[in-house]
Amino acid sequence: MKIFKKTIIYTASALMLGLTSCSDFLTEYSQDLAKVEGWQDLDEVLLGSGYLQPKGMSASGRAGDDIDCLHFMGDELIQSQLNKEDTHGYIQSMYSYYTWQQEIGYNELYKYVGGDDAYWNKIYSNINVCNMVVYLIDEQPEYSDDDVANKRRIKGEAYFLRGAYYFLLANMYAQPYDPATAASTPGVPVKNSEIIEDKEYSRGSLAQTYESILDDLSHAEELLLNAPVKTLHRATYPAVLLLKSRVYLYMQDWKNAALYASKVLDCNSRLLELRGKRPGDDCVYLSSPETLFSMGGYAIAAEFSDGYGFWGPYSPAYLVSDDMVNLYAHDDLRGTLYIGKSEELGIGPVFIKRNGQYSKRSTTSDVSSTFLLRTPEAYLTLAEASAFDGNETLARSTMESFMRTRYSSPVTVDQTGNDLIDLIREERAREFILEGHRWFDLRRYTVCQPYPWSKIIEHGHCYYDYNDIDHIEVFQLEKNDAAYTLPIPRPVREFQASLGNNPRPVRKLIRTEEPDMDDDDDDDWDW
């Protein structure tokens with residue numbers, strides 16, 4: 020079994036775009052299909068190498084299975100001025116994401132240190148595991164109805180994952196989907212064959228990328244219908260429906276987005292009642308009535324913790340931004356359940372929806388910060404798609420059903436037109452804080468008709484003189500900025516010049532600020 024798993028992983032590595040030339044791997048590894056003895060082998064390798072893995076919140080637990088760069092490019096968090104060190108080294112590793120540099124992989128001294136291909140390679144590696152599973156599963160023997168059912172399930176999971184990964188890639192390395200230009204906009208390389216090919220790859224159009232995503236999800240929808248649910252860490256039929264509704268939403272295909280969101284709610288319309296929660300309680304977890312699927316970890320949660328080390332107390336590395344804090348009204352239960360004060364020093368505002376504070380840091384999160392599917396998304400997708408499609412009555416009633424579980428006061432939604440869309444967008448920001456939605460939402464809003472929207476975002480990066488903060492360099496993401504699309508990683512471009520690159524502006528320093536410890540040392544922060 021271990022030999023087989025290694026063979027599959029090596030084969031997947033050979034197919035990864037941008038690591039090296041295919042011919043090198045063709046020489047070193049071969050496909051030894053004799054290692055596959057049954058669907059159980061493929062089930063194991065899909066679980067271990069096809070899914071993103073949940074990891075601990077501690078520094079030793081982070082192993083690249085969070086697409087955590089998504090948290091650092093939007094308007095959800097800011098770097099604290101209180102702490103030079105951080106649990107996962109994000110302050111350094113995320114510098115070029117956090118400050119929207121023209122090229123990723125540069126540190127704060129503007130030196131190229133690499134690592135910009137980590138997410139690209141990870142996702143394509145997982146895609147190629149899915150390719151191998153889809154290719155091999157039909158050949159496995161069937162001795163019982165159980166064998167037949169499990170083969171269908173495994174194949175459906177592989178299709179789901181492949182569609183999900185291409186969706187992530189398209190929203191990281193291609194422009195936002197605009198129906199008017201998608202046919203002529205470059206997408207991402209799509210390789211759905213298990214065959215190793217030594218060739219130059221092309222990107223195709225964004226429309227073609229999304230066609231491939233929907234095709235995979237349609238296969239998954241058919242294969243996972245009536246499939247037994249083993250665990251919510253494996254793809255399920257409702258998870259397929261929800262992801263498909265999200266894809267249609269991003270495509271501005273309002274009718275299909277609403278249709279699939281409704282299908283999700285037909286399967287599970289339950290919402291977590293927040294009135295029974297207290298600050299510090301986890302509000303997202305695998306056994307929640309809202310959870311449909313999750314893969315990956317929640318490493319970002321630990322960045323908002325404090326504690327006591329060898330040299331004394333240390334403060335959170337990041338705080339929730341003012342932009343986010345100001346979105347929550349006083350009667351919004353999430354305002355004190357998702358955001359609060361740190362456990363030891365009482366510094367705020369910090370993220371506590373998924374508790375990563377010091378006492379919880381050694382635990383493994385059972386849900387993900389970047390790929391968690393929950394029923395609130397179905398409500399908000401149905402509302403948004405219905406509003407854009409002209410059914411504002413359904414949009415308002417759907418919003419009321421959702422918001423009643425999030426507010427302590429009675430909820431009445433009477434907005435229309437752009438005001439209704441603004442409400443839905445703000446509810447998405449409030450509900451999905453640090454779940455990987457915000458950056459993608461900010462991207463798609465720039466091309467969302469008839470109510471496009473964008474904003475200016477500022478991030479300040481702190482420089483230190485030993486342990487004391489020296490100054491802060493402030494950078495700005497402009498409205499409709501080209502940096503909403505990541506560049507094709509430099510190592511990938513070097514080996515696959517045919518892929519080209521995504522144009523991004525040189526990111527100029529806006530201003531330099533002196534540290535303001537009185538404002539940021541927010542141990543008295545409160546509503």
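So for the sequence shown, this note's numbering puts the first residue at 20; every next one is plus one. C-beta atoms are modelled at their ideal positions from N, C-alpha and C, and glycine is treated no differently.
Item, Value
"State yes or no: is the C-beta of Glu309 within less than 9 angstroms of the C-beta of Arg289?", "yes"
"Spatial neighbours of Leu528 within its chain, please: C-beta separation below 8 angstroms, excluding the five flanking residues on both sides.", "Glu492, Val493 and Phe494"
"Once you ignore the five residues that flank His456 on each side, which residues in its own chain have a CB closer than 7 angstroms to its CB?", "Arg447"
"Looking only at its own chain, which residues have a Cβ that is under 7 angstroms from the Cβ of Lys274, when we skip the five neighbours before and after it?", "Asp408"
"Whose C-alpha, out of Phe514, Gly519 and Pro508, is nearest the C-alpha of Tyr131?", "Pro508"
"Please report how far the alpha carbon of Ser79 lies from the alpha carbon of Ala318, in whole angstroms.", "Its pLDDT being 34, under 50, Ser79 is placed unreliably by the model, and the measurement read from it follows with that caveat. Going by the C-alpha atoms only, they are around 10 angstroms apart."
"Alpha carbon to alpha carbon, how far is Ile156 from Pro247?", "18 angstroms"
"Can you list, in chain order, the residues of its chain with a C-beta nearer than 7 angstroms to that of Asn499? Leave out the 5 residues immediately preceding and following it.", "Thr465 and Ser473"
"Pick from Leu187, Tyr483, Val152 and Asn126: whose alpha carbon is nearest that of Ile142?", "Leu187"
"Could one say the Cβ of Leu346 lies closer than 9 angstroms to chain C's Cβ atoms, at least one of them?", "Here there is only one protein chain, and chain C is not present."
"Taking all protein chains shown into account, decide if Val511 is buried (16 or more other Cβ within 10 angstroms of its Cβ) or exposed.", "buried"
"For Tyr333, list the residues DSSP reports as bridge partners.", "Gly326"
"In whole angstroms, give me the CA-to-CA distance for Pro506 and Ser427.", "44 angstroms"
"Using 8 angstroms as the cut-off, can you tell me whether the region 236-243 makes contact with the region 166-185, which would need three or more C-beta pairs spanning the two stretches below that distance?", "yes"
"Alpha carbon to alpha carbon, how far is Asp272 from Ala404?", "8 angstroms"
"With C-beta atoms as the reference, is Ile443 less than 9 angstroms away from Ala406?", "yes"
"Where does the unbroken alpha helix (DSSP H) through Gln59 begin, and where does it stop?", "Trp58 to Val64"
"With DSSP as the reference, identify every bridge partner of Tyr131, one or two as the case may be.", "Tyr125"
"Are the Cβ atoms of Leu101 and Ser324 separated by less than 9 angstroms?", "no"
"Under a Cβ-count criterion, where at least 16 other Cβ atoms within 10 Å of its own Cβ denotes burial, should Tyr485 be classed as buried or exposed?", "exposed"
"Assuming His90 is part of the beta strand (DSSP E), what are its boundary residues?", "Careful: His90 lies outside any beta strand (DSSP E) and carries neither H nor E."
"Would you mind working out which of Tyr70, Ser68, Asp62 and Met92 sits nearest His480, comparing C-alpha positions?", "Met92"
"What would DSSP say about Asp351, mapped onto helix, strand or coil?", "strand"
"What's the gap between the Cα of Pro524 and the Cα of Ser306?", "44 angstroms"
"Ignore the nearest five residues each way along the sequence and tell me which others in Phe312's own chain have a CB closer than 7 angstroms to its CB.", "Leu251, Ala254, Thr255, Ala258 and Leu392"
"Could you round the C-beta distance between Ser115 and Glu104 to whole angstroms and report it? I think they count as a contact, below 8 angstroms.", "No, Ser115 and Glu104 are not in contact; Cβ-Cβ is about 20 angstroms, not under 8 angstroms."
"Please return the same chain residues whose Cβ sits closer than 7 angstroms to the Cβ of Asp136, not counting the five positions on each side in sequence.", "Gly37, Pro508, Pro510 and Val511"
"Starting from the Cα of Gly223, find the closest Cα among Asp489, Asp87 and Pro208 and give me that residue.", "Pro208"
"Gln376: which of Tyr154, Glu322 and Tyr337 sits nearest, CA to CA?", "Glu322"
"Could you give the DSSP three-state label for Tyr482: helix, strand or coil?", "strand"
"Per DSSP, Pro205 is paired with what?", "Ser224"
"Rounded to the nearest angstrom, what separates Leu52 and Tyr109 at their Cα positions?", "Per-residue confidence for Leu52 stands at a pLDDT of 42, beneath the threshold of 50, marking its modelled position as unreliable; no derived number is given."
"Are the CB atoms of Tyr347 and Ile97 nearer to each other than 9 angstroms?", "no"
"Where do the ends of the beta strand (DSSP E) carrying Thr310 lie?", "Thr310 to Ser313"
"Rank Glu213, Thr424, Tyr503 and Met113 by C-alpha distance to the C-alpha of Tyr154 and give the top, closest one.", "Glu213"
"Quick one: what's Leu496 bridged to in DSSP?", "Ile476"
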